[in-house]
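Below is one structure; the comments refer to it alone.
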Ligand SMILES: [Ca+2]
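Residue numbers (the numbering used here): -10 to 213.
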C-alpha cells in the first residue's frame, strides 16, 4: 500500500507546479470590429475597448504573426482596452501580451488591475509601446516579432480584470497623438497556477499506484 500513498504525494507536487491559461485572446475567432465584448479564444474571459470619442473605429488588422488583432483609433488619455476573467482557484497570476501603435498612435500606457470589476488601480509604472513602423519590423500574419511582446507581468491574486490605459498625448513617434493614430494588441494571455489538483486525476493516479504496487509484488514473487 505504500506506493499508493507515494502516488498521491507525487500528484500533489506536480499540480502546484502547473501553470494553466485562464484566458487568452488571439482575436483570430473574434475578429473585433466593434468595442466588444469578445470572448477569449482560450479559457473564459471577455475583451472590450472603451473610447470617450464616438468617432473611434475598431478594426482587426494583421496581428503579431497571425491574421488578426484588436485595433482602434481616435485615442484620448484615459481610453483603454479591458480584459475580464475569473481567477478563482488560481495563484501566481501572470500576464503577457503584444502591443504596438502606428506612428501617430499613443506611445504611453498604464496597466491597471481590479479585484471587483468596477474599481481599477495602477500596477507598476507607465510603459512605452513601440511604433509599428521602420526601423522596427512591422506586424504581419507570417512572423511574430518578439520586440513587441511586453515582459511577463506578475499580477495580484484575486483580480478579475485588467486594463491597458492610454496615459499621455505623446505618440509612438514621439510627436502628438493624432485621431487617425491606432493602437493594436494581440496574444493577450493570463495564466495562473491551479491551487487544487483535479479529483479525476487524483483517482486515476491513485489507481496507477495500486497497479505499480501489484507489479512490484509480482516481480518480487518471480525473483524469490
Ligand atoms: Ca492574432
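Where is the CB? At the ideal position from N, CA and C, for every residue including glycine.
All values derive from a computational prediction rather than experimental measurement.
| query | result |
| --- | --- |
| Counting only runs of 3+ residues fully inside the stretch 29 to 104, write out the beta strand (DSSP E) ranges in chain order. | 35 to 39, 59 to 62, 69 to 73, 79 to 90, 97 to 103 |
| Less than 8 angstroms between the C-beta atoms of residue 214 and residue 163, yes or no? | In the structure as shown, the chain starts at -10 and stops at 213, and residue 214 therefore has no counterpart that could be examined. |
| Mind checking who residue 116 pairs with in its DSSP beta bridge? | 98 |
| For residue 156, collect the residues of the same chain with a Cβ closer than 6 angstroms to its Cβ; drop the 5 residues on either side in sequence, then sort them by chain order. | 97, 98, 99, 115 |
| Expressed to the nearest angstrom, what Euclidean distance is found between the alpha-carbon atoms of residue 9 and residue 84? | 12 angstroms |
| Using 8 angstroms as the Cβ pair cut-off and three pairs as the minimum, do the stretch 56 to 72 and the stretch 134 to 143 touch? | no |
| Does DSSP put residue 19 in a helix, in a strand, or in coil? | coil |
| When you compare each of 25, 63, 177 to residue 168 by their alpha carbons, which one comes out closest? | 63 |
| Would you say the beta carbon of residue 58 comes nearer than 7 angstroms to a heavy atom of ligand 1? | yes |
| From residue 74 to residue 66, what does the alpha carbon distance come to, in whole angstroms? | 25 angstroms |
| When every heavy atom of ligand 1 is checked, does at least one fall within less than 7 angstroms of the C-beta of residue 79? | no |
| What three-state label does DSSP hand residue 148 in the structure shown? | coil |
| Short of 7 angstroms in beta carbon distance, which residues of its chain neighbour residue 68, apart from the five on each side in sequence? Order them along the chain. | 39, 40, 41, 155 |
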